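J.: Numbering (the numbering used here), first residue to last: 3 to 302. Please see the structure below; I have some questions.
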């Protein structure tokens with residue numbers, strides 16, 4: 003392996019990237035900060051003396067992404083085309099996710115990781131007056147796209163629900179909803195695909211969407227492939243049949259990987275090509291409950 007961050011004298015230097023091509027690049031990173039349940043409640047209720055904790059943390063995270071080259075010695079000064087911070091509030095933890103984009107010659111992995119770090123540190127600063135025992139942990143790169151080395155997706159035992167989607171007819175694009183009630187041994191309440199059979203719930207990863215976008219297909223949004231749940235962070239089609247998943251309040255079991263494509267359906271007409279036949283998965287609901295946007299997906 004060649005270490006490119008050293009010059010001919012063996013000292014560190016900033017790598018020359020001028021000959022590299024500009025490409026669209028994106029990086030997603032995650033981390034979390036654990037705290038007392040009472041601290042979580044005060045943040046949710048807006049009772050912190052310093053103000054709205056998550057609003058300030060979001061600004062802090064974005065500023066961190068923009069200032070990465072000032073903080074990390076050998077990072078390039080990158081023109082960012084987008085930066086976003088998302089939060090998932092649990093009983094005793096706030097999960098933080100950053101998404102950073104650019105069009106350029108080098109990636110934005112460090113910008114995404116710095117954004118998560120600064121957002122977590124901001125939460126600590128805003129809340130330390132009542133809880134000095136908070137712990138920042140598990141900061142890691144989830145995925146990156148673009149560049150010579152290609153795409154990277156961390157294989158984790160946890161993912162996240164990006165969208166819940168529903169339709170009252172089969173073979174049509176589904177519409178996103180904020181949350182859905184999944185019935186034991188049936189599926190999503192009021193969805194056309196629910197029922198007492200082996201394909202009660204359909205899932206498709208946002209990673210599959212990105213493959214289609216790289217083929218030049220534009221305008222892809224959750225539900226366009228008629229999936230009930232759009233996910234992120236788990237390579238769904240690599241899961242063996244029989245795998246059990248905790249999704250929100252539910253427990254589901256993988257029953258099928260892919261399916262036969264229905265020719266002439268509304269999805270094929272709208273999108274031109276469907277990724278569900280190869281990369282979508284199907285589950286049955288073993289334990290019912292509510293699933294919301296942002297809920298964690300865990301492999302049992």
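Note that CB positions come from ideal geometry on N, CA and C, so glycine has one too. Quantities reported herein were computed from a predicted structural model and do not represent experimental measurements.
(1) Which one of 151, 102, 96 has the shortest CA to CA distance from residue 82?
(2) Specify, as a first and last residue, the run of the alpha helix (DSSP H) that residue 111 falls within.
(3) Pull up the DSSP beta-bridge partners for residue 87, would you.
(4) Below 7 angstroms between beta carbons: does that hold for residue 168 and residue 193?
(5) Determine the extent of the alpha helix (DSSP H) in which residue 140 is found, giving its start and end residues.
(6) Quick check on residue 224: buried or exposed, where buried means 16 or more other Cβ atoms within 10 Å of its Cβ?
(7) Relative to the C-alpha of residue 146, which candidate in 208, 43, 75, 96 has its C-alpha closest?
(8) Note down, in chain order, each residue of its chain lying with its Cβ closer than 7 angstroms to the Cβ of residue 11, except the 5 sequence neighbours on either side.
(9) Spell out a yes or no on whether the stretch 152 to 162 and the stretch 177 to 185 are touching, meaning 3 or more CB-CB pairs, one atom from each, closer than 8 angstroms.
(10) Count the C-beta pairs between the stretch 137 to 146 and the stretch 51 to 70 that are closer than 8 angstroms, then say yes if the count reaches three, no if not.
(11) When the distance is taken between beta carbons, is residue 190 closer than 7 angstroms to residue 230?
(12) Here's the rule: buried if 16 or more other CB atoms are within 10 angstroms of the residue's CB, otherwise exposed. What is residue 125?
(13) Taking C-alpha atoms, which residue in 237, 236, 254, 180 lies nearest to residue 244?
(14) Output needed for residue 95: all residues of its chain with C-beta closer than 6 angstroms, excluding positions within five of it in sequence on either side, in chain order.
(15) Just to confirm my understanding: we take residue 41, look at its own chain, exclude 5 residues before and 5 after, and list those with CB closer than 8 angstroms. What are they?
(16) Give the secondary structure of residue 279 by DSSP, where H, G and I count as helix, E and B as strand, and everything else as coil.
T.: According to the data block:
(1) Here the closest residue by C-alpha is 102.
(2) Note, residue 111: alpha helix (DSSP H), 111 to 129.
(3) 100
(4) yes
(5) No alpha helix (DSSP H) contains residue 140, which is instead part of the beta strand (DSSP E) from 137 to 147.
(6) Label assigned to residue 224: buried.
(7) 208
(8) none
(9) no
(10) no
(11) yes
(12) When all chains shown are included, residue 125 counts as buried.
(13) 254
(14) 34, 36
(15) If you ignore the 5 residues before and after residue 41, its C-beta comes within less than 8 angstroms of the C-beta of 129, 132, 133, 136, all in its own chain and listed in chain order.
(16) helix
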